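Below is one structure, written out as C-alpha cells; comments come after it.
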Amino acid sequence: MNIDELLNYQPAKPAVPSASTSTNKRTTDSTSSIAAGYPKRVKRPILDDVPMLSNGSSISNTNLALLNIDERDKLLQILEQESSTEELDETSLKRMLSQLEKRISKNQEMRIKYPDHPEKFMESEIELNDAVQELHIIATQSDLYHVLVNMNGITLLMSLLTHENTDISIAVISLIQELTDVDTLTESEQQATFLIDALAEQQIISLLVQNMERLDENVKEEADGIHNSLAIVENMTEFRPSLSIDACKHGLLACLLKRLKIKSPFNSIRLYCSELMSILLQNQDENRQMLGELEGIDILLQQLAYYKRHDPQTSEEFEYMENLFSCLCSSLLFAPNRQRFLKGEGPHLMNIMLKERKASRNGALKTLDFAMTGVEGKDNCQKIVDILGLRTMFPLFMKPPKGNKRSGETRAENEEHVISCVASLVRNCTGSNRQRVFNKFTENDHEKVDRLMELHFQYYERVQAANNRIDNDEDDDEDEIYLRRLDAGLFTLQLIDYIITEIASSTTSIPSIRQRVLQILNLRNSSVDTIKTIIREYANNLGNTKKSTNVNHTSTDGTSNGNNEDSHKQYLLDLLERF
C-alpha cells in the first residue's frame, strides 16, 4: 500500500460524511468567519493533529482514527522515514526563499486587486504565513546563514515587518528572534556576523520600533510580538555591544520610555522594557545623555514613586523596580543628568523612601550616592540638607540598612553607599548647610565621630590584610595592584579618612571634633600619620584609575577649588598640613 492509497483508505464500518456535506460545512464556516470580520491570526494546525508529509499531503484526525493498529503503525513508520530524510541544504533553502518571494508577490497582487475584499486575498495570506513558518528550520543550521543573506532573504523578511496584517509581521519577528538567539549566534561567529551585518544594514531596529507602535500589549499574540522584538535587540546588542548606541538613535529608547509611561498594571512587557533599558545604559554616555534629553529621568522617577509606600508584590515586580533603580543610577553617571534629577524632585523622593523603610530603601540609598557625587552633585547635597535629609542619612551612617537577598545587596554595600553620601555632603555643602553637616558630628557626645573612627580602623585592617596578600604575589603591575587594593576597601577607606581630615582640619571645623579624633587615635595606639598616608596616596592617584573620584573638593569656606585634578590634589595636601 503506497502513501496515496493509505491516505485514501477508509474502512467500511464507520459512516463517513459525504464530500458535499463536508464542502457545505466549510463554505458555511468560511462565510460566517468573513462576515464576522477578517481574522487577525491564522491558526496553524498542530503537528499531532495534522501530520504533514514532505510532498505536502496531510492526514486528518478523522482518517487517522479510522485506521486499525497495524495500518496506523505503518503510517507512523512512513512519517518517521519522511522526517528523517528531510535535511536542509543550500539548494532547498534557495527553493524556500524563492517560494517566499513568489508568495509575497502574489499576496501583494491580491491585496492591490481586492483591497476591500479580505476573502479574496485570505488564501494568499495563509500561504505567505506558511512560507514564513517553514523558514524556522534555518535556525537549526546556522551554517547556512550566508545563503539566507546572499539570496536576499533578510531583505524579503524585512519587507514583511511592515505588512498590513500584523500577524504576518509577528510571524517574521518570531523567526528573526530564533535566528538571532545568542546560543545560535555563538555556534559560528562568521555566520552570525553575516546575519547581524545584514539586519543592521536593513535598519531592523527602526522597523521593529515602528512595528511595536501598532502592537497592543493587551492582546496576547501582539504582546508576544513586542517581547520577541525586544529579544531581537537584546540578542544583537549582546553579540555586538556597539549596536546599543545605534538602537537608541533609531528610536528604541523613546519607545521603551513610552511603554513605561503607559498607565497599566505591572506585566512582563514592562519588566522586559526596564531590563533592556538597563542594558542600553551600561557604559554608554551617549545613551545616558539621550535619556536625559528625552525626559527619561522624570519618567523613571514617576515609575519609582509608587514604591515609596508600596512593596513589589512578586519577584518579577521586584526585579522591575531594581531595573528602574539601575537605569536611574546609570543615567546619573552622565553628570548633567544630576541637575535633571534635582529638578524632578529626585532627592525628595529618595529621602521619603529612606524614611518609609520599604523594599525601595536600598535602591534609594544607592541612587543618592550617585546623585550627590562630584561638583555636579553639589546642588543635590544642598537639597538634602534643606529638606532635613540629615535626619534620615546619619541614622543610616550609624547603622546601615540590611541587605536584600533578592537583589543580592549586602549590609557592607549599603555601608559604603552611606559613607560616600556623607563624604559628598562634607565636600559639597556650603554656608550654613556645611555647618549643619559638621554639627551632626558633635551630637550625643560625638557618637558619629566614634563611628567614623571605628570605620577607619575596620577598613584599615582590611586594606592591610590585602597588602600582605599582594606582597606575596609576583604581580609587578602597579596599576593592577592599586586596583586590587581599591577593591579590598581602599577606596572606602580614602573616603572615611577624607571625612576625618575635613571635619578635623578645615577652618569651619569644630575644635572638639579634632580633639575626639586625636583621643581615639591615641587609645588605639595609632597616629594621624596613618590617615595622612592614605590621603596623600589618594591625592597622588587622582585620575589614575576609574575608581578614584573625579570630584571637585570644596575649600574650607565652601567655595570651589577649581575644575582640574591638580587643584584637587593641592587642596588635599594643604588640608593635610593643617591636620
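Under the UniProt record's numbering, the sequence shown has 16 at position 16, and the numbering climbs by one with no breaks.
No residue lacks a Cβ here, since even glycine has one placed at the ideal position from N, Cα and C.
These numbers were taken from a predicted model, which means no experiment stands behind them.
Cβ neighbours of residue i in the same chain (closer than 6 Å, five flanking residues each side left out)
i, result
"Leu97", "Met151, Gly153"
"Asp298", "Gly344"
"Leu208", "Ser229"
"Gly389", "Asn351"
"Lys532", "Leu576"
"Glu286", "Ile245"
"Glu238", "Val182"
"Asn433", "Gln382, Val385"
"Arg103", "Glu127, Leu128, Ala131"
"Phe397", "Val418, Val422"
"Thr410", "Gly403"
8 Å CB neighbourhood of residue i in its chain, flanking five on each side removed
i, result
"Glu502", "Val426, Arg427, Ser509, Leu575"
"Ile513", "Phe438, Phe441, Thr442, His446, Val449, Ile503, Ala504"
"Asn235", "Gln177, Thr180, Asp181, Val182, Leu185"
"Lys355", "Thr392"
"His227", "Ser268, Ile269, Tyr272"
"Ser330", "Ser278, Leu281, Gln282, Arg288"
"Glu213", "Cys255"
Closest Cα partner of residue i within the set the options
i, options, result
"Met224", "Leu185, Arg270, Glu201", "Here residue 224 is Asp; the residue named in the question, Met, does not match the sequence. Cα-wise, what sits closest to Asp224 is Arg270."
"Leu521", "Arg259, Asp450, Asp479, Asn362", "Asp450"
"Ala504", "Lys113, Glu90, Leu148, Gln435", "Gln435"
"Tyr145", "Ile176, Ala359, Pro118", "Ile176"
"Pro395", "Gly408, Asn351, Ala359", "Asn351"
"Ala198", "Leu179, Leu135, Asp183, Gln303", "Leu179"
"Gly403", "Ser424, Asn362, Phe579", "Asn362"
"residue 593", "Phe121, Glu577, Leu542, Leu452", "The question about residue 593 has no answer here: the residues shown for the chain are numbered 1 through 579."
"Leu160", "Arg391, Thr367, Val132, Ala466", "Val132"
"Ser315", "Ser105, Lys308, Leu523, Arg406", "Arg406"
"Leu342", "Ser330, Ala139, Ser527, Lys383", "Lys383"
"Asp216", "Ile196, Phe334, Ile262", "Ile262"
"Glu376", "Pro401, Lys102, Leu333, Ser360", "Leu333"
"Gln202", "Arg357, Glu221, His250, Leu88", "His250"
"Leu573", "Pro511, Tyr306, Tyr498", "Tyr498"
"Leu493", "Gln519, Ile481, Leu455, Asp471", "Leu455"
"Val463", "Pro400, Asn414, Thr530, Tyr307", "Thr530"
"Pro336", "Asp379, Gln302, Lys308", "Asp379"
"Glu90", "Glu134, Val147, Arg259", "Val147"
"Gly346", "Leu365, Gln99, Lys358", "Leu365"
"Ser142", "Ile112, Met158, Leu93, Pro115", "Leu93"
Sheet register partners of residue i (DSSP bridge)
i, result
"Glu409", "Asn404"
Contact set for residue i: own chain, Cβ-Cβ below 7 Å, skip 5 residues either direction
i, result
"Asp369", "His417, Ser420, Cys421"
"Arg340", "Gly292, Ile297"
"Val517", "Val449, Met453, Ile500, Ala504"
"Arg107", "Residue identity differs from the one stated: residue 107 is Asn in this sequence, not Arg. These residues qualify, in order along the chain: Phe121, Ser124, Glu125, Leu128."
"Cys381", "Met372, Ser424, Leu425, Asn428, Cys429"
"Leu300", "Leu324, Cys327, Leu328"
"Arg524", "Phe457"
"Leu294", "Leu253, Ala254, Leu257"
"Lys25", "Confidence at Lys25 is low in this model, with a pLDDT of 38, below 50, so the placement of that residue is unreliable and no value is reported for it."
"Val149", "Phe194, Leu195, Ala198"
"Ile205", "Val233, Asp246, Ala247, His250, Leu252"
"Tyr459", "Gly489, Thr492, Leu493, Ile496"
"Glu134", "Met96"
"Ser99", "Residue identity differs from the one stated: residue 99 is Gln in this sequence, not Ser. Around Gln99: Ala131."
"Arg338", "Leu332, Ala371, Glu376, Gly377, Asn380"
"Met290", "Cys248, Leu253"
Proximity test, residue i beta-carbon vs the ligand HEM heavy atom, cut-off 7 Å
i, result
"Glu502", "This structure simply doesn't include the ligand HEM, nor any ligand for that matter."
Could you say if the stretch 428-442 and the stretch 481-488 meet the contact criterion of at least three C-beta pairs nearer than 8 Å?
-> The stretch 428-442 vs the stretch 481-488: no contact.
Counting Cβ pairs closer than 8 Å, one from the stretch 364-378 and one from the stretch 277-286, do we hit at least three?
-> Short answer: they don't touch.
Could you pull out every unbroken alpha helix (DSSP H) segment of at least 4 residues lying fully inside the stretch 302-335, listed in chain order?
-> Fully enclosed alpha helix (DSSP H) runs of 4 or longer: 315-332.
Are the stretch 241-255 and the stretch 178-193 touching by the rule of at least three beta carbon pairs closer than 8 Å?
-> Verdict: no, contact absent.
If you scan the stretch 487-546 from start to end, which runs of the alpha helix (DSSP H) of 4 or more residues do you find wholly inside it?
-> Here the runs fully enclosed are 491-505, 511-523, 528-540.
Give, in chain order, every unbroken run of the beta strand (DSSP E) that is at least 3 residues long and sits entirely within the stretch 233-314.
-> The qualifying runs do not exist here; there are none.
Quick one: complete alpha helix (DSSP H) runs, 4+ long, within the stretch 102-155?
-> With a minimum length of 4 residues, the continuous alpha helix (DSSP H) runs that stay inside the stretch 102-155 are 118-134, 145-150.
List in chain order: all unbroken beta strand (DSSP E) runs of 3+ residues lying wholly within the stretch 143-224.
-> For secondary structure counted as the beta strand (DSSP E) over 3 or more consecutive residues, the stretch 143-224 holds no complete run.
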